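Going letter by letter, the sequence shown gives residues 5 to 263 in this note's numbering. Worksheet: the structure to be examined is printed underneath.
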Amino acid sequence: MDTQTLALIAMAIGPAIAIMIYFYAKDKHEREPFGILLVSFLWGCFSVVPAIILESILPGIIPGSGGSSVISVAIYTFVVIAFSEELSKFIFLRYYSYKKRSFNEPFDGIIYAVMVGMGFATVENLLYVFDSDTLGSAWSTAGLRALTAIPAHATFAAIMGYYVGLAKFSKTNEKGYLLQGLLLATVLHGFYDFFLFQNLHVGLYIGAAISLILGIRYSMRAIKMHNAISPFNEENKVVEPEEIIVTSYESPFKPTSDK
């Protein structure tokens, strides 16, 4: 394998690694076992497979998803692309990471979701980069996606994980929070892809701006809110995480005057 190929691989996977390190560092109170984080990442890599299968099947099932009108593009991006990908990631988050004993505080929903999401984003990025026609376009794709698609996947994951964290410790609304996390991640993802699929030169920049500005803002609030209610936070004199959630739950999408 030549140095150019190795450099491209590093460029394709580097942003996801950096994002995982960032979120891991934000897990301030009780960090997760490396082995479970790694397996969550690997399941995220594999989640590309069911996503591709769904994306190949759904256009033949969902009416109106094959046209070029704005409505058709919206159906395709929100239902076929965004829902397929977020559902695929959600399945492995829900049925692997969610069941682990180490998932013992609400913030763990975010960290495990990001690991799964970055696994997906890593494989997707490699596929896009090495599908480029020329070496120059491969580098352009890797650089552009490092600033847009990879961080966007992280924000989708963080929002999903916020609600998965609530679900884990909710005695009354587990299914509701799980569904909310999946749907909100799908909506954010759908908006991002919707602008990318428009035949407009500025569509990419609009989509990136929407997903990154709003997504990053909501993700940062979600991180802050879950860290604040952690049962391992010395400021919280409680034993059971669900005791905090019941009294302190707030949506990261709620308007705020914070600067």
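The beta carbon of each residue, even a glycine, is placed where N, CA and C say it ideally should be. The model shown is predicted, which means the values in this text are computed figures rather than measured ones.
Going by beta-carbon coordinates alone, are A171 and G18 separated by less than 9 Å? no
Alpha carbon to alpha carbon, how far is Y26 from K263? Give it in angstroms, no decimals. Its pLDDT being 42, under 50, K263 is placed unreliably by the model, and the measurement read from it follows with that caveat. Answer to the nearest angstrom: the Cα atoms are 22 Å apart.
Along the chain, where does the alpha helix (DSSP H) that runs through G71 open and close? The continuous stretches of alpha helix (DSSP H) do not include G71, and DSSP gives it neither H nor E.
To the nearest angstrom, report how far apart S72 and Y222 are at their CA atoms. The alpha-carbon atoms of S72 and Y222 are separated by roughly 31 Å.
On the three-pair Cβ rule with 8 Å, is the stretch 186-206 touching the stretch 131-138? no
So, using beta-carbon positions, are A16 and N129 closer together than 9 Å? yes
Spatially closest choice to F160 from Q202, G180 and I115, by CA coordinates: I115
For a test of the three-state rule: what should DSSP assign to P155, helix, strand or coil? Per DSSP, reduced to three states, the secondary structure at P155 is helical.
Helix or strand or just coil, what does DSSP make of N177? coil
Do you know how far the Cα of G70 is from the Cα of S234? 46 Å
Among V127, E109, V83 and A142, the one whose alpha carbon lies nearest that of L187: V83
Assigned secondary structure, D137 (DSSP; H/G/I helix, E/B strand, else coil): coil
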